[in-house]
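Counting from 1 along the sequence shown, just add 19 to a position and that's the residue number in the numbering used here.
For every residue, glycine included, the Cβ atom is placed at its ideal position computed from N, Cα and C.
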Amino acid sequence: MPDLSCRLCGGWRLEVFLSLGQLPLADAFVSAEDLGEPEPRYPLDVAFCLDCALVQILEEVPPQELFVDNYLYFSSYTDGLLAHSREHAERLVEERGLGPDSLVVEVGSNDGYLLRSVAAAGVPVLGIDPAPDQADEAERVGVPTVREFFGEEVARELRLQGRQADVIVANNVMAHTPDLNGFAAGLARLLKHDGVATIENPSVQDLIERCAFDTIYHEHFSYLSSTSVAALMGRYSLTLNRVEEFPSLHGGTRRWWVSRDDTVEPSARDALAREREAGVDRPDFYRAFGSRVSVLREQLMGVLGDLRRDGKRVAAYGAAAKGTTMLNACGIGTDLVEYVVDRNPHKIGRLMPGTHQPIRPVETLLEDRPDAVLLLVWNIADEVLAQQEAYRAAGGRFVVPVPEPRIV
Ligand code: ZN
Numbered sequence: 020m021p022d023l024s025c026r027l028c029g030g031w032r033l034e035v036f037l038s039l040g041q042l043p044l045a046d047a048f049v050s051a052e053d054l055g056e057p058e059p060r061y062p063l064d065v066a067f068c069l070d071c072a073l074v075q076i077l078e079e080v081p082p083q084e085l086f087v088d089n090y091l092y093f094s095s096y097t098d099g100l101l102a103h104s105r106e107h108a109e110r111l112v113e114e115r116g117l118g119p120d121s122l123v124v125e126v127g128s129n130d131g132y133l134l135r136s137v138a139a140a141g142v143p144v145l146g147i148d149p150a151p152d153q154a155d156e157a158e159r160v161g162v163p164t165v166r167e168f169f170g171e172e173v174a175r176e177l178r179l180q181g182r183q184a185d186v187i188v189a190n191n192v193m194a195h196t197p198d199l200n201g202f203a204a205g206l207a208r209l210l211k212h213d214g215v216a217t218i219e220n221p222s223v224q225d226l227i228e229r230c231a232f233d234t235i236y237h238e239h240f241s242y243l244s245s246t247s248v249a250a251l252m253g254r255y256s257l258t259l260n261r262v263e264e265f266p267s268l269h270g271g272t273r274r275w276w277v278s279r280d281d282t283v284e285p286s287a288r289d290a291l292a293r294e295r296e297a298g299v300d301r302p303d304f305y306r307a308f309g310s311r312v313s314v315l316r317e318q319l320m321g322v323l324g325d326l327r328r329d330g331k332r333v334a335a336y337g338a339a340a341k342g343t344t345m346l347n348a349c350g351i352g353t354d355l356v357e358y359v360v361d362r363n364p365h366k367i368g369r370l371m372p373g374t375h376q377p378i379r380p381v382e383t384l385l386e387d388r389p390d391a392v393l394l395l396v397w398n399i400a401d402e403v404l405a406q407q408e409a410y411r412a413a414g415g416r417f418v419v420p421v422p423e424p425r426i427v
């Protein structure tokens with residue numbers, strides 16, 4: 020029995036269905052000077068709550084260590100995400116009739132990638148994000164930023180200053196918050212009476228069905244479903260009004276609309292019904308996942324091993340957090356994959372956590388011409404394959420690891 024209670028309902032009936040071993044922190048990229056220092060590793064065990072159906076990891080690494088000290092993720096380096104966010108922002112401004120007297124708050128505003136489009140439309144904005152470099156960048160592009168972790172306390176302070184939000188956007192941040200209840204209470208407190216919050220996160224149903232085990236890492240405390248989001252929000256008198264689905268974003272993203280209005284639109288009713296039908300709210304849905312992950316790991320090691328035995332050189336694309344899980348959970352060292360390329364200049368020159376492949380600029384692929392590239396960021400496969408047309412035309416191939424390894 021784990022010594023933690025459920026982070027949503029407080030119940031103790033947590034059933035572990037996957038253990039990925041002792042893994043380094045997914046974004047703790049190693050600098051050359053740090054090499055030789057011991058890297059902290061933490062267990063990564065995933066559990067299902069038999070009482071409220073929330074999927075969650077048991078280990079709780081302090082958020083400061085995860086999102087401030089080691090955080091190099093800048094939203095603006097992902098083209099597909101930018102287009103998706105801009106479209107959402109424009110629609111919110113229009114649908115909610117926002118203007119100069121409104122306020123749009125983004126929790127986890129990162130480098131201001133979304134709010135700058137809202138600000139450009141003449142609507143006041145406020146970002147909330149504790150990561151200092153990202154907040155600096157946001158302020159440079161005109162997005163004032165509160166440098167704190169979001170929760171009930173920040174919401175209370177803003178209300179004391181007379182600030183409440185017409186719209187709160189929380190993209191890929193609720194699952195990163197250990198205190199889910201504090202997060203939901205903060206939303207309820209910060210929203211104006213007729214305000215609306217939109218919450219985006221990958222869906223646990225897609226994670227399980229696509230065998231996307233590499234999206235499990237210490238930064239992701241919870242793995243959400245429409246069922247668990249509705250249960251959480253209900254505790255704070257917020258209703259899940261609408262559900263939108265984006266199957267190709269981050270390997271399957273949901274956008275949950277919540278507010279004090281108790282209208283349940285057909286999209287939300289359908290989403291909840293489909294989850295019940297698939298069994299997302301029951302433990303059987305998760306029980307076979309561990310063995311499916313083992314099979315995928317063996318297949319991938321087989322593909323990479325065959326390439327190396329044929330004398331082929333293999334690199335990887337995407338020094339993202341999920342890459343750390345994939346490389347470390349499979350045990351893919353520098354003997355199999357020589358280096359990892361990435362577009363984010365902040366990561367170049369560092370080493371992957373745990374497995375220590377050096378991170379190089381994307382242009383390296385064309386110059387060095389490795390025979391194959393393991394696509395660690397399979398969630399943006401279309402974007403990467405299009406961008407790497409020249410490398411592929413010259414004979415380079417990509418290994419896409421999930422839902423099962425294939426060479427393209
Ligand atoms: Zn629970």
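Distance between residue j and residue i (C-alpha atoms, nearest Å)
i, j, result
"T282", "Q318", "47 angstroms"
"A204", "V173", "11 angstroms"
"A138", "S38", "44 angstroms"
"R279", "G141", "26 angstroms"
"N190", "D53", "32 angstroms"
"G337", "Q376", "12 angstroms"
"A28", "P59", "Position check: residue 28 holds Cys in this sequence, whereas Ala was assumed. So the alpha carbons of these two residues sit roughly 30 angstroms apart."
"A440", "P221", "Lying before the first or after the last residue shown, residue 440 is absent from the chain, which here runs from 20 to 427."
"I76", "E228", "18 angstroms"
"E264", "P422", "19 angstroms"
"Q66", "E34", "Note that residue 66 corresponds to Ala in the displayed sequence, not to Gln. The straight-line gap from Cα to Cα measures roughly 5 angstroms."
"R274", "P266", "11 angstroms"
"A108", "L134", "8 angstroms"
"E106", "P57", "44 angstroms"
"G253", "C349", "39 angstroms"
Where residue i falls: helix, strand or coil (DSSP)
i, result
"C68", "strand"
"W31", "coil"
"P372", "coil"
"I147", "strand"
"P433", "Here the chain covers residues 20 to 427 and nothing more, so residue 433 does not appear."
"Y132", "coil"
"H269", "helix"
"S222", "coil"
"F232", "helix"
"E176", "helix"
"D361", "strand"
"Y255", "coil"
"R416", "strand"
"V421", "coil"
"G324", "helix"
"T164", "strand"
"D390", "coil"
"S38", "strand"
"M20", "Unreliable placement is indicated for M20, whose pLDDT of 42 sits below 50; no coordinate value is reported for it."
"R182", "coil"
"L404", "helix"
"A203", "helix"
"R462", "Residue 462 is absent from the structure shown; the chain starts at 20 and stops at 427."
"A47", "coil"
Pair within 9 angstroms by beta-carbon distance, residue i and residue j
i, j, result
"L206", "R178", "no"
"Y410", "L393", "no"
"D233", "K341", "yes"
"N129", "A157", "yes"
"T272", "E219", "yes"
"R328", "A287", "no"
"E323", "V356", "Note on residue identity: the sequence assigns Leu, not Glu, to residue 323. Cβ distance < 9 angstroms, so L323 and V356 count as in contact."
"G131", "R110", "no"
"V418", "L326", "yes"
"R379", "D361", "yes"
"L251", "L199", "yes"
"E79", "L23", "yes"
"G10", "L69", "A question about residue 10 goes unanswered here, because the residues of the chain that appear run from 20 up to 427."
"N186", "T217", "Per the sequence shown, residue 186 should be read as Val rather than Asn. Yes, the pair counts as a contact, with Cβ atoms nearer than the cut-off."
"V312", "C230", "yes"
Integer-rounded CB distance, given that residue j should sit under 8 angstroms from residue i
i, j, result
"V123", "V188", "7 angstroms"
"T344", "I235", "6 angstroms"
"N398", "G298", "N398 to G298, Cβ: 24 angstroms. No contact."
"V403", "R416", "Not quite, the Cβ-Cβ distance comes to about 13 angstroms (not below 8 angstroms), so this is no contact."
"L395", "A334", "The pair is not a contact, with the Cβ atoms about 10 angstroms apart (cut-off 8 angstroms)."
"P163", "G146", "7 angstroms"
"Y61", "Q83", "At roughly 15 angstroms, the Cβ-Cβ gap does not stay under 8 angstroms, so Y61 and Q83 are not in contact."
"S244", "E294", "6 angstroms"
"F240", "P197", "5 angstroms"
"F86", "V126", "The Cβ separation is near 12 angstroms, so there is no contact."
"S50", "R369", "6 angstroms"
"A150", "D300", "Contact doesn't hold; Cβ gap of about 34 angstroms is too wide."
ask   = Who sits around ligand 1, taking every residue whose Cβ is closer than 6 angstroms to one of its heavy atoms?
value = C25, L27, C28, G30, C68, D70, C71 and L73
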